[in-house]
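A.B. asks:
2 protein chains.
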Amino acid sequence: MPTIKDIATMTGFSVTTVSRALNDYNDVNAQTKKKIEDAAEKIGYVPNILAQNLVMKKSKTIGILVNELKRESSKDGLMLEMLCGVSDVLADSDYEFVLLSTSTAKQKNKTFKQLCEERQLAGLIIQGLKNDDPYLEEIVDSNVPCVLIDILITNETTKYVTSNQIESIKDAIKYLHRLGHCAIAYMNGSDGAHVSTIRKQGYLEALKEIGLPAHENYIMNGQFDEDIAKKVAMPFLLNHPEVTAVFCASDVMAIGVLSAAKDLSIKVPEKLSVIGFDNIVLSRYSTPPLTTISQSPYNMAAAGTELLTAMIEKKQEKTPFKILNSELIIRESTTFQGSV
Amino acid sequence: MPTIKDIATMTGFSVTTVSRALNDYNDVNAQTKKKIEDAAEKIGYVPNILAQNLVMKKSKTIGILVNELKRESSKDGLMLEMLCGVSDVLADSDYEFVLLSTSTAKQKNKTFKQLCEERQLAGLIIQGLKNDDPYLEEIVDSNVPCVLIDILITNETTKYVTSNQIESIKDAIKYLHRLGHCAIAYMNGSDGAHVSTIRKQGYLEALKEIGLPAHENYIMNGQFDEDIAKKVAMPFLLNHPEVTAVFCASDVMAIGVLSAAKDLSIKVPEKLSVIGFDNIVLSRYSTPPLTTISQSPYNMAAAGTELLTAMIEKKQEKTPFKILNSELIIRESTTFQGSV
DNA sequence: ATTTTAACCCGAAACGTTTCGGATGTCAAT
DNA sequence: ATTGACATCCGAAACGTTTCGGGTTAAAAT
Numbered sequence: 008m009p010t011i012k013d014i015a016t017m018t019g020f021s022v023t024t025v026s027r028a029l030n031d032y033n034d035v036n037a038q039t040k041k042k043i044e045d046a047a048e049k050i051g052y053v054p055n056i057l058a059q060n061l062v063m064k065k066s067k068t069i070g071i072l073v074n075e076l077k078r079e080s081s082k083d084g085l086m087l088e089m090l091c092g093v094s095d096v097l098a099d100s101d102y103e104f105v106l107l108s109t110s111t112a113k114q115k116n117k118t119f120k121q122l123c124e125e126r127q128l129a130g131l132i133i134q135g136l137k138n139d140d141p142y143l144e145e146i147v148d149s150n151v152p153c154v155l156i157d158i159l160i161t162n163e164t165t166k167y168v169t170s171n172q173i174e175s176i177k178d179a180i181k182y183l184h185r186l187g188h189c190a191i192a193y194m195n196g197s198d199g200a201h202v203s204t205i206r207k208q209g210y211l212e213a214l215k216e217i218g219l220p221a222h223e224n225y226i227m228n229g230q231f232d233e234d235i236a237k238k239v240a241m242p243f244l245l246n247h248p249e250v251t252a253v254f255c256a257s258d259v260m261a262i263g264v265l266s267a268a269k270d271l272s273i274k275v276p277e278k279l280s281v282i283g284f285d286n287i288v289l290s291r292y293s294t295p296p297l298t299t300i301s302q303s304p305y306n307m308a309a310a311g312t313e314l315l316t317a318m319i320e321k322k323q324e325k326t327p328f329k330i331l332n333s334e335l336i337i338r339e340s341t342t343f344q345g346s347v
Numbered sequence: 008m009p010t011i012k013d014i015a016t017m018t019g020f021s022v023t024t025v026s027r028a029l030n031d032y033n034d035v036n037a038q039t040k041k042k043i044e045d046a047a048e049k050i051g052y053v054p055n056i057l058a059q060n061l062v063m064k065k066s067k068t069i070g071i072l073v074n075e076l077k078r079e080s081s082k083d084g085l086m087l088e089m090l091c092g093v094s095d096v097l098a099d100s101d102y103e104f105v106l107l108s109t110s111t112a113k114q115k116n117k118t119f120k121q122l123c124e125e126r127q128l129a130g131l132i133i134q135g136l137k138n139d140d141p142y143l144e145e146i147v148d149s150n151v152p153c154v155l156i157d158i159l160i161t162n163e164t165t166k167y168v169t170s171n172q173i174e175s176i177k178d179a180i181k182y183l184h185r186l187g188h189c190a191i192a193y194m195n196g197s198d199g200a201h202v203s204t205i206r207k208q209g210y211l212e213a214l215k216e217i218g219l220p221a222h223e224n225y226i227m228n229g230q231f232d233e234d235i236a237k238k239v240a241m242p243f244l245l246n247h248p249e250v251t252a253v254f255c256a257s258d259v260m261a262i263g264v265l266s267a268a269k270d271l272s273i274k275v276p277e278k279l280s281v282i283g284f285d286n287i288v289l290s291r292y293s294t295p296p297l298t299t300i301s302q303s304p305y306n307m308a309a310a311g312t313e314l315l316t317a318m319i320e321k322k323q324e325k326t327p328f329k330i331l332n333s334e335l336i337i338r339e340s341t342t343f344q345g346s347v
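Residue numbers (my numbering), protein chains in the order written: chain Z, 8 to 347; chain H, 8 to 347.
1. Thinking C-beta only, is residue 250/H closer than 8 Å to residue 192/H?
2. Report all residues from its chain with a CB closer than 7 Å to the CB of residue 314/H; omit the five preceding and five following residues, and keep chain order.
3. For residue 253/Z, write down the residues that DSSP places opposite it in a beta bridge.
4. Over what stretch of residues does the beta strand (DSSP E) that includes residue 166/H continue unbroken?
5. Taking only three categories from DSSP, how would you classify residue 151/Z?
6. List the DSSP bridge partners of residue 309/H.
7. Span of the alpha helix (DSSP H) holding residue 111/H?
8. Going by CA-CA distance only, name the one from 146/H, 96/H, 76/H, 294/H that's closest to residue 161/H.
9. Can you find the residues in the same chain that come closer than 6 Å, C-beta to C-beta, to residue 164/Z, ignoring five residues on each side of it along the sequence?
10. Go to residue 94/H, then tell me how far its beta strand (DSSP E) extends in each direction, as first and last residue.
11. Which value, in whole angstroms, describes the spacing of the CA atoms of residue 97/Z and residue 202/H?
12. Give every residue of the same chain whose Cβ lies closer than 6 Å to the Cβ of residue 80/H, excluding the five residues on either side of it in the sequence, and list them in chain order.
13. Do the segment 104-111 of chain H and the segment 59-77 of chain H meet, that is, are 3 or more Cβ pairs less than 8 Å apart?
14. Spatial neighbours of residue 131/Z within its chain, please: CB distance less than 6 Å, with the 5 preceding and 5 following residues excluded, ordered by chain position.
15. Using the Cα positions of residue 238/H and residue 123/Z, report the straight-line distance between them to the nearest angstrom.
16. Quick check: the segment 229-243 of chain H against the segment 305-321 of chain H, are at least 3 beta-carbon pairs closer than 8 Å?
17. Determine the burial state of residue 302/Z: buried for a count of at least 16 other Cβ atoms within 10 Å of its Cβ, exposed for fewer.
18. Of all the CB atoms in chain Z, is at least one closer than 8 Å to the CB of residue 307/H?
19. Tell me whether residue 219/H sits in a helix, a strand or coil according to DSSP, three-state version.
20. Residues of chain H with CB under 8 Å from residue 51/Z, in chain order?
21. Alpha carbon to alpha carbon, how far is residue 235/Z from residue 197/Z? Give it in angstroms, no decimals.
22. Three or more C-beta pairs closer than 8 Å, one from the segment 325-344 of chain H and one from the segment 280-292 of chain H: is that the case here?
23. List the residues of chain H that residue 84/Z touches, going by C-beta distances under 8 Å, in chain order.
24. Would you mind telling me which residues of chain H sit closer than 7 Å to residue 65/Z, beta carbon to beta carbon, in chain order?
25. Is residue 128/H near residue 66/H, with beta carbons less than 8 Å apart?
26. Report, in whole angstroms, the separation of the C-beta atoms of residue 217/Z and residue 247/Z, which I expect to be a contact under 8 Å.
27. Does residue 245/Z pass the burial test, meaning 16 or more other C-beta atoms within 10 Å, or should it be called exposed?
28. Are the C-beta of residue 236/Z and some C-beta of chain H separated by less than 8 Å?
29. Are the CB atoms of residue 58/Z and residue 17/Z within a distance shorter than 8 Å?
30. What does residue 246/Z touch in chain H if you count any residue whose Cβ is under 8 Å from its own?
31. Would you list the one or two residues that DSSP bridges to residue 301/Z?
32. Rounded to whole angstroms, what is the Cα-Cα separation between residue 311/H and residue 240/Z?
33. Give, in chain order, every residue of the segment 137-171 of chain Z whose Cβ lies closer than 8 Å to some Cβ of chain H.
34. Who are the near neighbours of residue 260/Z in its chain, counting only those whose CB is closer than 6 Å to its CB and skipping five residues on each side?
35. Quick check on residue 133/H: does DSSP put it in helix, strand or coil?
36. Give me the chain H residues within the contact set of residue 54/Z, using Cβ-Cβ distance strictly less than 9 Å, ordered along the chain.
This is the structure:
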């Protein structure tokens, strides 16, 4: 409620001087500044961010754009971990963040540019976009600073953060191979998702490197969904008794596979080794606990936020991207082939 | 980038008329309106929300205030479910939401009133505040519309949503009693939390109603934390072999108890029945799957959002609160006392 | 022919800031 | 006495809207 104008009349200085005093300009007398600050404190002045942003033509608000905020995503805690990462990094800056969830329906009404302009967003962190998302092109074309999660595009105003997924996946597959597994199936996520492409690539490269043939029909698609993965895995496991290990592009799907195996009385890990991806909370508690690959969404989001604020403040960082470590976490869903 | 002024010069009408046309005032000619709308469409005009809010002295932004956005809260998906609830309800309105996380440190710098004023928040949904939180008083005193989750306070601008936890807890305890359990312990959450008080009350009332004595030392405190709950439960279970069931104020703590029992080789449910609260994703996957009480944070948030927007738009709702149903979900962590 | 009414339109102020381009005064150097 | 430099301050415009209080015109009522 109290404005800069109130402080001006209180202290007898002009609005200009009050503003300059409060913003630490150096052409205002120390005493004056003190008086103004005291007055501001006294009446509990807080700057009206709206007015500030309006006149400065830019805000300190960064948007977190997610493809669709859907309830199932609470199964893995990934989304929330990301939020925490952003939140923590931004905690003692003067940036704020808004959560923006798009859907194809919404995109019809509002272009990406419009989305940014209406709130004068300073920048965005973007996660979970499909390869063919119409926003993607707009994002790279726009001059709004953006950080993409797991989508490897860079230009003047676009950077990304990802993790060395491919390496970790290769590690995982090679680990299975060392355990004696030679028929390793792969459960992929939805085709559109960028991470699906990447992870599949990791799987295929690993097979090549260890000299195992890549059977196209060893690749299933579970749409990143537990139930779908289970439905897909059931007939697959029945028809492919030679398969002794399956690597999944997400823990959620791996849990689906676990469930399918249980229904078919296939013992995990004795008869079937299963590896997931994400290291979600659940993976520690499933039976058996999942061997999985951990990439910390918290750290990715935190790194992305730092990349973004640096970009906004025109601090040129050396690299237009950040690659974090992901690592294989061995638990109890994997063991030697034929270990019975 | 394009403004109302651009449309004005394009079409030859005044800024006033353009504004009125775009806002569906009825004193503008149908043709004029059409022309203006076409022009707006053509140049991809989006209103500058900042400017709108500034002049109207209020925004369409609602804040979601959480006590502390901490990483562990991704363990239960509660926070995210709430966000989804809010997000879905707000999806096709013109409201937006920002996530605000406070901490005692931040509260020193900014009063609740200031928090609202700087962004001209239209209203808040408030969750997870401790009983002694300094903001609480400010919230009830302020004239900013607020909806409290699980804190039962109402006045002109304060409403709440909760669920019939007490009833459900009574159901749970009575269910245990029917199974033959007579020594039922209780694992409470952190003392400050309002829900702790409520849930404890439910436990005590249930004991009274079925005529069981309330031993003060049957009440533990696990701070809503898995590890702490485990640490507290270990000695308790050792010292109280007569206890055959423990009811926990959260699933996370119940899982801690499960883990304690496992370490002590106390079979659940044969030797010990355990009930949780929240029906988090994990509870379905723990071993054994947890009997628990489900209150949907999604629905609570959704209901709260509706309550809030109604309040903001001065639509007087009949009730200053909403009470949702919570219910006992029986899974495999409970069974007859002495069922071996 | 005058007044009333309605439909349609617009100028200008307001919201709370920031910032450009001076203005004023003081003091030391010339 | 003039100049220059510096420190300190301020007026006014600008940001993009909304809205109050009118104004103009043409048709309808007197």
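Using N, Cα and C, we set each Cβ at its ideal position, and we do this for glycine too. If you're wondering where the values come from, they're calculated on a predicted model, not measured in any experiment.
C.D. replies: Per the coordinate set shown:
1. yes
2. 154, 166, 168, 324, 329
3. According to DSSP, residue 253/Z bridges with 192/Z, 281/Z.
4. First-last of the beta strand (DSSP E) with residue 166/H: 165-170.
5. coil
6. Paired residue(s): none; residue 309/H is not in a bridge.
7. 111-116
8. Selected option, being the one with the closest Cα: 146/H.
9. By the criterion of a C-beta distance shorter than 6 Å, residue 164/Z is surrounded in its chain by 150, 152, once the five residues flanking it on both sides are discounted.
10. According to the DSSP assignment, residue 94/H belongs to no beta strand (DSSP E) but to the alpha helix (DSSP H) extending over 85-97.
11. 30 Å
12. Residues of the same chain with a CB within less than 6 Å of the CB of residue 80/H, apart from the 5 flanking positions on each side, are 86 in chain order.
13. yes
14. 70, 72, 153
15. 49 Å
16. no
17. buried
18. no
19. Note: residue 219/H maps to coil in three-state DSSP.
20. 118, 120, 121
21. 11 Å
22. Touching, yes.
23. 81, 82, 84, 87
24. Within 7 Å Cβ-Cβ: nothing; residue 65/Z doesn't reach chain H, min ~10 Å.
25. yes
26. At roughly 19 Å, the Cβ-Cβ gap does not stay under 8 Å, so residue 217/Z and residue 247/Z are not in contact.
27. So residue 245/Z ends up on the exposed side.
28. no
29. no
30. Near residue 246/Z there are no residues of chain H at all, since even the closest Cβ is about 27 Å away, more than 8 Å.
31. 334/Z
32. 40 Å
33. none
34. Result list for residue 260/Z: 194, 229, 236, in chain order.
35. strand
36. 125
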